[in-house]
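Notes for the one structure printed next.
What follows is the structure, encoded as structure tokens:
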């Protein structure tokens, strides 16, 4: 059976088009390059004594399943895979958090609990507007709480307890209208509790014990029947 020249052109075009679609799909299944560079910067800042992040130098973060890096299953409108979670709890990691962490713009969960992270909390975390969980408990973090954390409008839980955080509670935290769990106990936080915090509509669990707070509990506290503190 012979194909006419017209049919042959159609077959060639169809094969070429299928190859093109496969090539495009293969190209799409990579992590956003900005996020790849951010992850590399995070690794470079950290000391990893047990080699838990040793595979962070091979392949693609999402498709090669880098330790602790969880990604969305599908590419987004920009054609890239994006980091959804960074789960690095209890890995004996030390040193600082790189400011590039704020470039993980689609991340929903950030967990560095029970490590030995030092230094201050990068203000760039406030750029991650999609963040739902911010878990930094049980480290050696110092410095004050960045005002920029109050920009995390989707935050459900913020846990920075059992560190060495000092300074006052930022009044910008009054913008955390979706936050239910607020754990800042066992630090060196000072000053008064901003009364605006007691008007947060979702607040249910508020821990500030074992700090250096002054002043009194504002009367607004009595208007929160569901709160535990």
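Numbering (mature numbering (1 follows the signal peptide of the UniProt record, and there is no 0)), first residue to last: -26 to -1, 1 to 203. Don't be surprised by glycine CBs; every beta carbon is placed ideally from N, CA and C. On a predicted model such as this, the values are computed, not experimentally measured, just so you know.
Endpoints, the beta strand (DSSP E) within which residue 110 is located: If you number the chain shown from 1, residue 110 lands on position 136. Here residue 110 belongs to no beta strand (DSSP E), and DSSP marks it neither H nor E.
Pick helix, strand or coil for residue 140, following the three-state DSSP scheme. To locate residue 140, count along the chain shown from 1; it is residue 166. Residue 140 sits in a strand when the DSSP states are folded into three classes.
At which residues does the beta strand (DSSP E) containing residue 163 begin and terminate? To locate residue 163, count along the chain shown from 1; it is residue 189. Counted as a single uninterrupted DSSP element, the beta strand (DSSP E) harbouring residue 163 occupies residues 162 to 165.
May I ask you to list the residues that DSSP assigns as paired with residue 59? On the chain shown, position 85 is the one that residue 59 refers to. In the DSSP output, where bridge partners are listed per residue, residue 59 has 44, 83.
My output table needs one value for residue 78: the three-state DSSP class, helix, strand or coil. Indexing the chain shown from 1 puts residue 78 at position 104. When DSSP states are grouped into helix, strand and coil, residue 78 belongs to the coil group.
Taking DSSP as the reference, what is the three-state secondary structure of residue 8? Within the chain shown, numbered from 1, the residue matching residue 8 stands at position 34. Helix at residue 8.
Should residue 79 and residue 47 be called a contact, given that it needs their Cβ atoms to be closer than 8 Å? Mapped onto the chain shown, residue 79 falls at position 105. Mapped onto the chain shown, residue 47 falls at position 73. Not closer than 8 Å, so no.
Roughly how many angstroms separate the alpha carbons of residue 24 and residue 33, rounded to a whole number? Locating residue 24 in the chain shown gives position 50, counting from the first residue. Locating residue 33 in the chain shown gives position 59, counting from the first residue. Looking at the two C-alpha atoms, the distance is approximately 20 Å.
Which term fits residue -1, buried or exposed, when burial requires 16 or more other beta carbons within 10 angstroms of its beta carbon? Residue numbering aside, residue -1 sits at position 26 when the chain shown is read from its first letter. Its pLDDT being 45, under 50, residue -1 is placed unreliably by the model, and the measurement read from it follows with that caveat. Counting every other CB atom within 10 Å of its CB across the protein chains shown gives residue -1 a total below 16, marking it as exposed.
Taking all protein chains shown into account, decide if residue 9 is buried (16 or more other Cβ within 10 angstroms of its Cβ) or exposed. Here the question's residue 9 lines up with position 35 in the chain shown. Around the beta carbon of residue 9, 16 or more other beta carbons sit within 10 angstroms, so the residue counts as buried.
Rounded separation between residue 173 and residue 17 - CA only: Counting from 1 along the chain shown, the entry for residue 173 is found at position 199. Counting from 1 along the chain shown, the entry for residue 17 is found at position 43. Rounded to the nearest angstrom, the two C-alpha atoms are 39 Å apart.
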